[in-house]
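Visitor: First the structure, which I've put down as structure tokens, then a few questions once you've had a look.
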Amino acid sequence: MPAIINSAPDCVVHKEGANPDDLADFILQDNYADCAGFGTFMPGSTYGEDGSGAESIYMIVTWVGIVVMIVVLVAWVVLENRRLLAAMVGARETPPGHVPQPGGVGEDR
Amino acid sequence: MIGSLLAQVESLKDAASSAGQTQDSLILGEQFYFFTVVIMWLIHAGFMSYETGIARKKNALATAMKNILTIAVVTPTFYYFGWWIYNCNQPGLPIGPNSSDFTAAACQGGIPWSDAFGPNLTNNINLVFFLAFLLFSWTTASIMSGAIIERARLSAYLLLACMLGSVVWILDAAWGWSAGGWLTLRFGFHDSIASGVVHGVAGAFTLGVLFNLGPRIGKYTREGLARQFRPHNLHMTLLGLMLIFTGFYAFYAACLVISSTAFPGWANIYLSPTTLGTIAMIITMGFAGGFTGGYFASRGDPFWTVSGGLAGVISVSAGADVYAPTLGYLIAMASAAMVVYAGNWIEKSVRVDDAVGAVAVHGVAGFLGMLWVGVFAAGYPTGVNNVDSSIGGQLIGMATFLPLGFLTGYYMSWVMKKLNILRVPVEVEFMGLDIAEYEPNLYLPEVAVVDEQIVEPDGTPVEAHIVLRTARDEVVS
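Line by line, the protein sequences are chains A and B.
Just so we're aligned: 101 in my numbering is position 96 of the first sequence, and the numbers increase by one with no gaps anywhere.
Just so we're aligned: 520 in my numbering is position 393 of the second sequence, and the numbers increase by one with no gaps anywhere.
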């Protein structure tokens, strides 16, 4: 079945079937024999390299993560502010001397 | 001819054997750091229990959630830029040309788009070593969390936690807690298990935040005398501290570098030799001395006795790789006693409302720990330049860390205060954060706010709602 998005780096090859010699535990399969780094969308690296830096698609994925992280932090501030203001208004509207109780029902909530 | 071939075969065998040993060592290191990470989670379970027990009932859930959500924000921020700060800024701030070269080998493992930061068969260490540091980051942020409970906004805390856990502490770690840091290379700065790097800086940052946050409503009388809020569950607090202590053994272990193919197999963060037994011994003697000092200085107060154990350990951490056990015991005892007095002074004289004594226990003990190395452990060659540790080097480190932590915490919280996003509204603080932040119908009806008591400065317990309503009205008017 074809992949919707092939996120594997080029060092991962796709061979049909299995080689009987490469199925045992701790033996690298032929498909990965050239790979050192092989994370999704990563540039990938092969044995003997020192590792490689940014390449376009992985850089984009990383920056999407950074932007999402920032949006989440801002959303936390905004949503909590709304909730606290609502609670503050509710507290001002309750009669003097009334303290809302956790677990209360009806007017006590 | 044959002799030459045999020599070549032997040489290849040796090379293979050496490569195999290196690989075995890396895999052993991978497993070692993995298990330290697992056990260090107990520190966070401990912080959560500790702070939740200290909080009043009406703030218990909000306090616990704050600790859990530390993990949600510090993890991505530390991943995206914290690890880069550590790996790329050891010579100093990246303000000069080429001072942060992304292609430098030291930086490669720290940038989030590096392929050493994902599945990589030639790198067993980078990710798991990152995770150990990440757990240190959670711990550093959690040190602040307890001090600001019951009145700080959750979102404010989370932003401050990102700054402390993913920027401030890891920057000082780059400078003074690495083999290539400028404090280490130039001044022989020695803080092997992070007395100041983690605890001292976090305490200074927290103090800066507390100045802007202010005390809880009703904490001080009109005359400025301190009232005591009763912990809603002191047993939970003590259990939390015991969990923290358990996790601390893993924290200590994770601060060492392991290599099974080299003698003695262990080194401190500066790559100077030590052993796992040495630091385990010092942490244990530190607890013993700290509990004792805390008990006698506080005249048997349970909170300060147990906190004294923590302070004792923190105070011996900087020199835990070289201290003799007796010295660790004595230093911890004296430091814990000092911390008790410092905590009371901060609360009653400076009038800073630190709900869990974090500034004293972590900040004061952390800076004392750095100082004690200069006094009691000078002369040890530290780091790859082998510069002797000294009182001068320690003082330079302290003079660097104190403003770094305090000013960052102060000015960041000052900006948040101006934006009115630092503290919850008075009405919310009065009724309790749990009701405002979460579904109110969480507790059984018998868990009532009005049942709580507050202890006046003269020791008289009174109904909390009477004191708090008066204090709230004073704030509002």
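Heads up, the beta-carbon is just placed ideally off N, CA and C, and yes, glycines get one too.
First and last residue of the beta strand (DSSP E) that includes residue 581 of chain B?
Guide: Where residue 581 of chain B is concerned, the enclosing beta strand (DSSP E) stretches over 580-582.
Visitor: Can you give me the start and stop residues for the alpha helix (DSSP H) that residue 382 of chain B sits inside?
Guide: Counting along the chain, residue 382 of chain B falls outside any alpha helix (DSSP H), and DSSP gives it neither H nor E.
Visitor: Skipping 5 residues on each side, what residues in its chain have a beta carbon closer than 6 angstroms to that of residue 529 of chain B?
Guide: 331, listed in sequence order.
Visitor: Run through DSSP, which three-state label would residue 377 of chain B get?
Guide: Correct three-state label for residue 377 of chain B: helix.
Visitor: Got a sec, what are the start and stop residues for the alpha helix (DSSP H) residue 329 of chain B sits in?
Guide: Run containing residue 329 of chain B: 328-340, per the alpha helix (DSSP H) assignment.
Visitor: For residue 452 of chain B, which residues in the same chain have their Cβ closer than 6 angstroms to its Cβ, ignoring the five residues on either side in sequence?
Guide: If we look at residue 452 of chain B and ignore the five residues flanking it on each side, its Cβ neighbours are 408 and 412.
Visitor: Short of 8 angstroms in beta carbon distance, which residues of its chain neighbour residue 565 of chain B, apart from the five on each side in sequence? Order them along the chain.
Guide: Excluding sequence neighbours, residue 565 of chain B sits near 188, 189 and 192.
Visitor: Helix, strand or coil for residue 399 of chain B, going by three-state DSSP, please let me know.
Guide: Correct three-state label for residue 399 of chain B: coil.
Visitor: Using the three-state DSSP reduction, which class does residue 162 of chain B fall into: helix, strand or coil?
Guide: Correct three-state label for residue 162 of chain B: helix.
Visitor: Can you list the alpha helix (DSSP H) stretches of 4 or more residues lying completely in the stretch 402-468 of chain B, in chain order?
Guide: Counting whole runs of 4 or more residues, the stretch 402-468 of chain B contains the alpha helix (DSSP H) stretches 403-424 and 429-444.
Visitor: Buried or exposed: which applies to residue 537 of chain B, given that a residue is buried once 16 or more other Cβ atoms fall within 10 Å of its Cβ?
Guide: With 16 or more other Cβ atoms within 10 Å, it is buried.
Visitor: Kindly say whether residue 16 of chain A, judged by its beta-carbon, lies nearer than 8 angstroms to any beta-carbon of chain B.
Guide: Not one chain B Cβ lies under 8 angstroms of residue 16 of chain A.
Visitor: Taking only three categories from DSSP, how would you classify residue 509 of chain B?
Guide: Of the three classes helix, strand and coil, the one that applies to residue 509 of chain B here is strand, per DSSP.
Visitor: Please report the straight-line C-alpha distance between residue 358 of chain B and residue 241 of chain B, rounded to a whole angstrom.
Guide: Approximately 47 angstroms, taken between the alpha carbons.
Visitor: Is residue 292 of chain B helix, strand or coil when you go by DSSP?
Guide: Correct three-state label for residue 292 of chain B: helix.
Visitor: For residue 40 of chain A, tell me which candidate among B:440, B:443 and B:247 has the shortest Cα-Cα distance.
Guide: Closest by alpha carbon: B:247.
Visitor: Whose C-beta lies closer than 6 angstroms to the C-beta of residue 333 of chain B among residues of the same chain, with five residues either side of it excluded?
Guide: Same-chain partners within the cutoff: 271, 274, 485 and 486.
Visitor: In chain order, what residues of the same chain have a beta carbon less than 7 angstroms from the beta carbon of residue 388 of chain B, not counting five sequence neighbours either side?
Guide: Only 148, 149 and 152 meet the Cβ criterion.
Visitor: So, at 7 angstroms on beta carbons, what are the nonlocal neighbours of residue 584 of chain B in its own chain, with the 5 sequence-adjacent residues on each side left out?
Guide: Cβ neighbours of residue 584 of chain B beyond the five flanking positions: 348, 352, 353 and 354.
Visitor: Residue 50 of chain A touches chain B at which residues, Cβ-Cβ below 9 angstroms?
Guide: Correct list: 242, 243, 247 and 249.
Visitor: Within the same chain, show all residues whose beta-carbon is closer than 8 angstroms to that of residue 514 of chain B, passing over the 5 residues directly before and after it, in chain order.
Guide: Counting only Cβ-Cβ distances below 8 angstroms, and skipping sequence neighbours, we find 311, 312, 313, 314, 315, 508 and 520.
Visitor: Taking buried to mean at least 16 other C-beta atoms within 10 Å of its own C-beta, is residue 571 of chain B buried or exposed?
Guide: Caution applies to residue 571 of chain B, whose pLDDT of 41 falls short of 50 and renders its modelled position unreliable; the value that the coordinates give is listed next. When all chains shown are included, residue 571 of chain B counts as exposed.
Visitor: If you draw a straight line from the alpha carbon of residue 465 of chain B to that of residue 505 of chain B, how long is it in whole angstroms?
Guide: Near 22 angstroms, if we compare the C-alpha coordinates of residue 505 of chain B and residue 465 of chain B.
Visitor: Can you name the residues that DSSP bridges to residue 590 of chain B?
Guide: Beta-bridge pairing links residue 590 of chain B to B:580.
Visitor: Leaving out five residues on either side along the sequence, give the residues of the same chain with a beta carbon under 7 angstroms from the beta carbon of residue 267 of chain B.
Guide: The residues are 291, 292, 296, 325 and 329.
Visitor: Within 8 angstroms (strictly less), CB to CB, does residue 41 of chain A reach chain B?
Guide: Yes - at least one Cβ of chain B is within 8 angstroms of the one on residue 41 of chain A.
Visitor: CA-CA distance, residue 440 of chain B and residue 207 of chain B?
Guide: Cα to Cα, residue 440 of chain B sits roughly 31 angstroms from residue 207 of chain B.
Visitor: Using C-beta distances below 8 angstroms, list every residue in its chain close to residue 533 of chain B, excluding the 5 sequence neighbours before and after it, in chain order.
Guide: The residues are 331, 332, 334 and 335.
Visitor: Report the neighbours of residue 183 of chain B on chain A: residues whose CB is nearer than 7 angstroms to its CB, in chain order.
Guide: Ordered by position in chain A, no residue passes the 7 angstroms Cβ test against residue 183 of chain B, which lies about 12 angstroms from the chain.
Visitor: What do you reckon, are the CB atoms on residue 306 of chain B and residue 510 of chain B nearer than 8 angstroms?
Guide: Yes. Within cutoff.
Visitor: Please work out which residues of its chain come closer than 6 angstroms, Cβ to Cβ, to residue 499 of chain B, disregarding the five sequence neighbours upstream and downstream, and give them in chain order.
Guide: Closer than 6 angstroms at the Cβ level, and outside the excluded window around residue 499 of chain B, lie 458.
Visitor: Whole angstroms are fine: how far does the CA of residue 13 of chain A sit from the CA of residue 479 of chain B?
Guide: For residue 479 of chain B and residue 13 of chain A, the distance between alpha carbons rounds to 55 angstroms.
Visitor: Among B:396, B:445, B:462 and B:402, whose alpha-carbon lies nearest the alpha-carbon of residue 423 of chain B?
Guide: The option with the nearest alpha carbon to residue 423 of chain B is B:462.
Visitor: If we count the other Cβ atoms within 10 Å of its Cβ and call it buried at 16 or more, is residue 547 of chain B buried or exposed?
Guide: Its Cβ having fewer than 16 others within 10 Å, residue 547 of chain B is exposed.
Visitor: Against residue 282 of chain B, what residues of chain A qualify as contacts under a CB-to-CB distance less than 7 angstroms, listed in chain order?
Guide: Going along chain A in sequence order, the residues near residue 282 of chain B (Cβ under 7 angstroms) are 81, 82 and 85.
Visitor: Please check the pair residue 173 of chain B and residue 367 of chain B, which I expect to be a contact at CB under 8 angstroms, by giving their CB distance rounded to whole angstroms.
Guide: Yes, they are in contact, since the Cβ atoms of residue 173 of chain B and residue 367 of chain B sit about 5 angstroms apart, within 8 angstroms.
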